[in-house]
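What follows is a short report on a single structure.
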Ligand code: 13P
Ligand code: SF4
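In the numbering used here, the protein residues as written are 2 to 300.
If you want it as structure tokens, here you go:
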């Protein structure tokens with residue numbers, strides 16, 4: 002299957018992008034593997050005719066918004082991020098009416114419709130620096146309450162209004178299970194994604210996006226780590242640092258949507274060019290503004 006994928010990819014001038022949470026065999030055949038920010042930048046500058054995005058829907062959708070002339074396919078169109086729509090209807094308008102200088106900051110893990118109502122997008126790797134750079138004092142951060150409070154703690158000069166969305170996978174990581182791993186591996190450093198609940202972040206030695214966690218582990222002089230993010234990162238962690246040990250909480254954090262990607266489905270969409278992402282021109286134009294602003298501010 003891998004050979005067929007690689008042959009078809011060449012024939013059709015396609016590029017395969019995969020998030021670190023995609024299954025290992027999918028990461029293995031991808032041209033680019035990374036976190037949301039890296040993949041958005043790659044999608045923006047791609048010269049391929051077809052982009053196959055092995056991730057969840059908002060990622061493929063963002064690739065299409067940033068690069069509308071390309072055909073963007075996903076191995077599984079139903080792979081969705083449940084957090085992407087966790088903003089109550091009318092909440093953005095309500096906040097805009099309440100605060101005159103409000104900036105709506107939208108985590109990239111959101112629908113194009115939510116992005117379209119926002120001023121700027123962020124990812125977990127650039128959220129703090131982008132929010133810091135905004136002139137507005139009042140910030141409505143959607144949809145993730147955990148990334149929002151992580152930012153609020155680092156930028157006390159701003160009034161960051163939180164929204165009650167969350168990632169069901171990261172929010173389910175339990176403190177007692179992390180403490181259990183710490184007891185079993187006393188020298189290990191705890192590395193956490195900012196989508197984890199505050200109690201997890203408080204006992205972590207390092208907090209960062211998936212790419213930042215992977216880079217921290219490979220550069221660190223420590224050789225044991227407790228990983229508080231989705232288990233797909235294990236593939237890159239162990240291939241970068243084979244001699245190091247990585248432990249996950251007993252209930253392994255696993256994003257079932259990301260795991261809907263498979264070699265079989267990847268081959269199928271390359272063969273048939275099915276599962277194309279479409280975004281209406283009206284929504285695309287409006288959601289491009291905050292996405293483009295993110296890329297510009299993060300530069
Ligand atoms: P990254 O920004 O680290 O890629 O995270 C994306 C994500 O979906 C986390 O759950
Ligand atoms: Fe969404 Fe959480 Fe899955 Fe990331 S891990 S794609 S935030 S459900």
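Beta carbons are placed, not taken as given, at the ideal position from N, Cα and C, and that holds for glycine.
Where residue 1 sits in the DSSP three-state scheme: Residue 1 cannot be examined here, being either before or after the span of the chain that is shown, 2 to 300.
Beta-carbon proximity check, residue 107 vs residue 262, cutoff 7 Å: no
Touching or not, the region 265-278 and the region 64-74, by the rule of three or more beta carbon pairs under 8 Å? yes
Output the residue ranges of the beta strand (DSSP E) runs that lie fully inside the region 71-134 and measure 3 residues or longer, sorted by chain position. 72-74, 104-108, 121-123
Going by DSSP, what residue range makes up the alpha helix (DSSP H) through residue 180? 176-185
I'd like to check one pair, residue 67 with residue 45: are the Cβ atoms closer than 7 Å? yes
Buried or exposed: which applies to residue 28, given that a residue is buried once 16 or more other Cβ atoms fall within 10 Å of its Cβ? buried
Quick check: the region 89-98 against the region 175-188, are at least 3 beta-carbon pairs closer than 8 Å? no
Could you check where the alpha helix (DSSP H) with residue 260 kicks off and where it finishes? Secondary structure note for residue 260: it is in no alpha helix (DSSP H), with a DSSP letter that is neither H nor E.
For a quick check, are the C-beta atoms of residue 237 and residue 215 less than 7 Å apart? yes
For residue 307, which three-state DSSP category applies? One cannot answer for residue 307 here, as it falls past the ends of the chain, which runs 2 to 300.
Cα separation between residue 136 and residue 102? 9 Å
With a threshold of 8 Å, are at least 3 pairs of Cβ atoms found where one atom belongs to the region 218-233 and the other to the region 18-28? yes
Contact between the region 117-130 and the region 285-300: three or more CB pairs below 8 Å? yes
Contact between the region 109-116 and the region 139-155: three or more CB pairs below 8 Å? yes
Reference residue 159, options 175, 131, 165, 166, closest by Cα: 131
Which of the three DSSP states, helix, strand or coil, is assigned to residue 188? coil
Assigned exposure category for residue 259 - 16 Cβ within 10 Å defines buried: buried
Can we count residue 168 as close to ligand 1, meaning its CB is less than 6 Å from some heavy atom? yes
Verify the contact flag: residue 255, CB atom, against every heavy atom of ligand 2, threshold strictly below 6 Å. no
My assumption, with CB atoms under 8 Å, is that residue 127 sits in contact with residue 249. Please give the rounded CB distance. Residue 127 to residue 249, Cβ: 26 Å. No contact.
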